[in-house]
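For the protein sequence lines, the chains are E and G, in the order given.
In this text, residue positions in the first sequence follow the working numbering: the first is 3, and each later residue adds one.
In this text, residue positions in the second sequence follow the working numbering: the first is 40, and each later residue adds one.
Single-structure report; data block below.
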Amino acid sequence: MKNMKPRLKVREQEAVERNNNFLEVALGYSLEEAKQEALRCIQCKNPRCVQACPVRVKIPEFIKLLLEDALDESFETIYDDNILPSICGRVCPQESQCEGACILGIKAEPVNIGALERFVGDYGMDKDLADKPVPASNGIKVAVVGSGPAGLANAASLRRKGYDVTIFEALHDYGGVLKYGIPDFRLPKDIVTNEIDNLKKMGVTFVKNAVIGKSITIDQLKEEGYESIFIGSGAGLPSSLGIPGENLSGVYFANEFLTRVNLMKARAVPDSLTPVKLGDNVAVVGGGNVAMDAARTAKRLGAKNVFILYRRDRKSLPARLDEIHHAEEEGIDLRLLQNPVELTGEDRIVKQVKVEIMKLGEPDSSGRQRPLPTGKYKTYDIDNIIISIGQKPNPIIKDNTAGLDTQPWGGIITDEYQMTSVEGVFAGGDVVTGAATVILAMGAGKDAAHHMDEYLKNKHARTS
Amino acid sequence: MYKIVDKKSYNQDVDWMLVEAPLVARNAKPGHFVILRVDVDGERIPLTIAGIDGNNVEIIYQKMGYSTKLLGEKNVGDTIEDFVGPLGQAAHIRDKKHVIGVAGGVGSAPLLPQLRAYKEQGAKVSVILGGRTKDYVILKKEYEAFCDHVHITTDDGSAGQKGFVTDALNPLLESDDTIDHVIAIGPVIMMKFVTEMAKKHDRSIDVSLNPIMIDGTGMCGNCRVTIDDKTYFACIDGPDFPGEHVDFDELMSRQNFYKDEEHACKLRLKKQ
Ligand SMILES: Cc1cc2nc3c(=O)[nH]c(=O)nc-3n(C[C@H](O)[C@H](O)[C@H](O)COP(=O)(O)OP(=O)(O)OC[C@H]3O[C@@H](n4cnc5c(N)ncnc54)[C@H](O)[C@@H]3O)c2cc1C
Ligand SMILES: Cc1cc2nc3c(=O)[nH]c(=O)nc-3n(C[C@H](O)[C@H](O)[C@H](O)COP(=O)(O)OP(=O)(O)OC[C@H]3O[C@@H](n4cnc5c(N)ncnc54)[C@H](O)[C@@H]3O)c2cc1C
Ligand code: SF4
Ligand code: SF4
Ligand code: FES
């Protein structure tokens, strides 16, 4: 590995500039840059990177094709395993997946697989390469609940196998967290819309404003002739801190804050009908992608001092590395080992957050050092606080489906074929695992399509 | 897109509308609500389902601000962009003998299907309909069709008794031992006072809470309310709750948090 060139940095918008807009931060590689970075891959015989990708994208192959200028084929190679390359290239936690395992990472820096995947994905999107003939309908109706990455991947796979697929979405727009959660400066919304249009072109039917369990129950879907159902309803319900003052005005859950901004377009203030009220001093609680997104969004909406309160240390932050760097570049202050214990207000509007200083103890079940209280406290003046400490599934489907087994925290229980306790009903994505990642949800949707296909084939073999 | 099948006005501020929405109509029960967006840039606003007629859903709305006024500008044959439901928990119809409903203004709309359900279950039902003036007492005829007693109060005395709903409720709770349950639906301040009165007279009470909502599926947490020191999401756990332990002051404060911004929207409506 002598004479190895360093990893090629992706061009970015300057921090001072991007703090005032919602345009994408990472600008991506040009073809020349992509090829330069692609040259760094040593084309391992037993590629560790592929093993570490949840959907086993054939990484050395697509990189080789890129180098050979066979871009169409390169796209197809990725698309075989991952129908959302433009999205995953941007939002996968590469450092703990593909890139984290890349052999080059042992002595130097890993290949920038994410940026390469994004480049090839965007190329394919521009050339409409995903628009391919699909088989005619086989007349068997299947229903997909939720239009997040799990539902989209499931629907695409089933449609390609010939099924007549309908996606039911509770909100007025499709894409799940990709639309209402992850901000444009990380994932421009036209990319998500493009993926949804691809599915429409394939003949997938989309029904919005349909809350399964309420508008139609799972049983009613069966009565209507849907022979198998996939539940990909995500983990939308925000967890609370459980401390005094949490219901004061000015205290947001990240979901409310981000939904107001992304789905309801509050950033077009003062023209938005669903605005978001934000003062100068904003605290964000949590250390994941959601917290980083909330903090960076607050900054872009004009908050002067935005700081993150996280009860563990820097190396335990679960957010993508890129996002932590970007947040710091944008002037967001990380206040580590600090745990909010009380919110106080005036006239029922939040004004202060009291935090307890924490120290690190023994590793806990997650392998990270457990944060321990020290009995020392600090208080900060704030105008808003945004809570981003995790999500669990909402109870609507669980409460309205007889015989559907769930975990105590609300997750749907599935067997090794991803079937739930209700025959013919499958599930995958955040609703099964709890809040996880786009690629895991997508993979679960795709795998479930395979199991549903097997199930339906068996069923029809038995009856014919 | 959801077609407006029929529409009428009760007074200059309150309309009734019938909207074609089979996916809402199918499973709707008393106490459920919808969330609608008038047009593609619209905000999501919650309205109670006032009744069901085949595939059509009845709503009754007061033109309070920008979105409800915009809705009021729509006519029969026009369409509404989004209309989702039935959301929330259906009203819990308790085992009671004599129920008195107390409605403030447009609260008489959500109250109607609930009181009807009590009547169908064999309970005696009375109602107090309160409004600013005679014009704001709506659905009187509909209530008269099935209620054992209909009492009217207006702030100015233009119909029924002059005063607030509580002025009519107090003597009834004092004199009529058979009344064993109260339901109050209307402005929060009214529900707060009716709850205090019910508590004083040792009667159980249900109220219908109306915090600001966005998604209505338990995702945003905007709609949280405190009951007996515990947090609930009104869109999935409610909107109906036993009144006794509701933190009404918190609800009022949370409702008012966007007052200035709503005012800005109204100004825009005037400019147009
Ligand atoms: C702010 C934020 C930032 C994130 N950043 C990253 C990141 O950088 N990288 C990464 O990999 N992951 C990230 N994640 C996590 C990732 O987005 C999720 O793991 C993923 O979206 C889960 O996909 P899903 O399809 O299971 O559910 P979702 O994306 O949640 O989609 C579920 C859909 O189902 C709908 N639904 C719910 N209930 C019903 C019902 N009863 N009937 C009909 N429809 C229903 C919902 O409205 C929603 O549209 C982030 C999450 C958030 C919130
Ligand atoms: C479960 C529920 C059922 C309801 N049923 C009815 C009904 O049957 N008829 C009726 O006339 N009204 C009903 N409301 C109230 C109705 O939603 C509001 O009047 C409406 O949203 C006002 O919007 P606006 O833009 O016209 O007025 P604005 O000027 O924006 O607001 C006026 C007031 O309405 C409230 N409000 C504003 N936006 C929202 C929102 N997104 N969600 C909830 N409240 C909001 C606020 O308290 C505000 O001060 C209900 C509310 C809830 C939560
Ligand atoms: S899908 Fe994600 S983990 Fe897999 S190769 Fe692409 S960026 Fe890496
Ligand atoms: S591990 Fe790294 S060098 Fe090896 S094939 Fe994968 S990307 Fe290329
Ligand atoms: S309205 Fe969003 S959680 Fe209830």
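Note that the Cβ used here is the ideal one computed from N, Cα and C, for glycine as well.
Keep in mind it's a predicted model, so treat the numbers as computed, not measured.
Under 9 Å from the C-beta of residue i: neighbouring residues of chain E
i, result
"Gly124 (chain G)", "Asn211, Val213, Lys216 and Ser217"
Contact set between residue i and chain G, taken where Cβ atoms lie within less than 7 Å
i, result
"Val452 (chain E)", "According to the sequence as given, residue 452 (chain E) is His; it is not Val. Per Cβ cutoff of 7 Å: no residues; His452 (chain E) is ~29 Å from chain G at best."
"Gly164 (chain E)", "Within 7 Å Cβ-Cβ: nothing; Gly164 (chain E) doesn't reach chain G, min ~27 Å."
Close beta carbons around residue i, own chain, < 7 Å, minus the five adjacent residues each side
i, result
"Thr179 (chain E)", "Correcting the residue identity first, residue 179 (chain E) is Val in this sequence and not Thr. So the list reads Gly150 and Gly236, once near-sequence residues are dropped."
"Ala438 (chain E)", "Asp432"
"Leu239 (chain E)", "Gln393, Lys394, Pro395 and Asn396"
"Thr205 (chain G)", "Phe232, Val233 and Met236"
Proximal chain E residues relative to residue i, where beta-carbon distance stays under 7 Å
i, result
"Ile275 (chain G)", "Asn396, Pro397 and Ile398"
"Val227 (chain G)", "In chain order: nothing, as chain E lies at least about 13 Å away."
"Val63 (chain G)", "Ser217"
Near ligand 4: residue i beta-carbon under 7 Å from a heavy atom
i, result
"Leu106 (chain E)", "yes"
"Val122 (chain E)", "no"
"Val57 (chain E)", "no"
"Pro365 (chain E)", "no"
"Arg9 (chain E)", "no"
"Pro87 (chain E)", "no"
Classification of residue i by the beta-carbon crowding that lies within 10 angstroms, buried from 16 upward
i, result
"Lys310 (chain G)", "Its pLDDT being 49, under 50, Lys310 (chain G) is placed unreliably in this model, and the coordinates cannot settle the point."
"His190 (chain G)", "buried"
"Met103 (chain G)", "exposed"
"Tyr419 (chain E)", "exposed"
"Arg13 (chain E)", "exposed"
"Arg464 (chain E)", "exposed"
"Glu112 (chain G)", "exposed"
"Gln96 (chain E)", "buried"
Range of the contiguous beta strand (DSSP E) that encloses residue i
i, result
"Ala129 (chain G)", "Taken as a continuous stretch (DSSP letters only), Ala129 (chain G) belongs to no beta strand (DSSP E), as it is neither H nor E."
"Lys356 (chain E)", "Ile351 to Pro365"
"Arg92 (chain E)", "Per DSSP, Arg92 (chain E) belongs to no beta strand (DSSP E); it is in the alpha helix (DSSP H), Pro87 to Val93."
"Pro375 (chain E)", "Gln371 to Asp383"
"Val253 (chain E)", "Val253 to Phe255"
"Gly90 (chain G)", "Gly90 to Asp92"
Contacts of residue i in chain G (Cβ-Cβ under 9 Å)
i, result
"Phe232 (chain E)", "Under the 9 Å cutoff, chain G gives no residues; its nearest Cβ is about 18 Å from Phe232 (chain E)."
"Glu226 (chain E)", "Here the premise fails: no neighbours, minimum Cβ distance about 11 Å."
Ligand 1 heavy atom lying under 7 Å from the CB of residue i
i, result
"Leu303 (chain E)", "no"
"Asn291 (chain E)", "yes"
"Ile389 (chain E)", "no"
"Ile207 (chain G)", "A quick correction: the sequence has Ala, not Ile, at residue 207 (chain G). Ala207 (chain G) Cβ: outside cutoff for every heavy atom of ligand 1."
Neighbourhood of residue i by C-beta distance below 8 Å, restricted to the same chain and skipping five residues each side
i, result
"Phe24 (chain E)", "Pro185, Asp186, Phe187, Arg269 and Arg302"
"Met3 (chain E)", "Note that Met3 (chain E) scores 49 on pLDDT, short of 50, meaning its location in the model is unreliable and no value can be drawn from it."
"Thr416 (chain E)", "Thr422, Phe428, Ala429, Gly430 and Val434"
"Leu151 (chain G)", "Ala89, Gly90, Leu178, Glu181 and Tyr182"
"Gly93 (chain G)", "Ala64"
"Asp282 (chain E)", "Ala305, Lys306, Asn307 and Asp385"
"Val352 (chain E)", "Gly247, Leu250, Ser251, Gly252, Val253, Leu345, Thr346, Ile384, Asp385, Asn386 and Ile387"
Closer than 8 Å at the beta carbon, the chain E residues around residue i
i, result
"Ser106 (chain G)", "Leu275"
"Phe296 (chain G)", "Ser251, Gly252, Lys279 and Ile351"
"Thr87 (chain G)", "The contacting residues do not exist; Thr87 (chain G) stays about 15 Å from chain E at best."
"Glu289 (chain G)", "Asn249 and Arg350"
Close Cβ partners of residue i (< 6 Å) along its chain, the five nearest in sequence each way excluded
i, result
"Glu97 (chain G)", "Leu57, Ala89 and Gly90"
"Val59 (chain E)", "Ile80, Asp83 and Asn84"
"Arg92 (chain E)", "Arg120 and Leu189"
"Ile177 (chain G)", "Tyr49, Val53 and Ser147"
"Thr234 (chain G)", "Ile244 and Gly282"
"Thr336 (chain E)", "Inspection of the sequence shows that residue 336 (chain E) is occupied by Leu rather than by Thr. Around Leu336 (chain E): Ile310."
"Gly123 (chain E)", "Pro87, Ser88 and Gly91"
"Pro69 (chain G)", "Ala130, Pro152, Gln153 and Ala156"
Closer than 7 Å: residue i CB and nearest ligand 3 heavy atom
i, result
"Cys100 (chain E)", "yes"
"Glu1 (chain E)", "The displayed coordinates of chain E run from 3 to 466. Any statement about residue 1 (chain E) would go beyond what the structure contains."
"Gln96 (chain E)", "yes"
Unbroken alpha helix (DSSP H) run spanning residue i, endpoints
i, result
"Gly107 (chain E)", "Leu106 to Lys109"
"Ile61 (chain E)", "Ile61 to Leu69"
"Lys181 (chain E)", "Val179 to Tyr182"
Contact test: residue i Cβ vs ligand 2 heavy atom, cutoff 7 Å
i, result
"Phe72 (chain G)", "yes"
Near ligand 5: residue i beta-carbon under 7 Å from a heavy atom
i, result
"Phe296 (chain G)", "no"
Residue i at chain B interface by Cβ criterion, 8 Å
i, result
"His174 (chain E)", "Absent here is chain B; the protein component of the structure consists of chains E and G."
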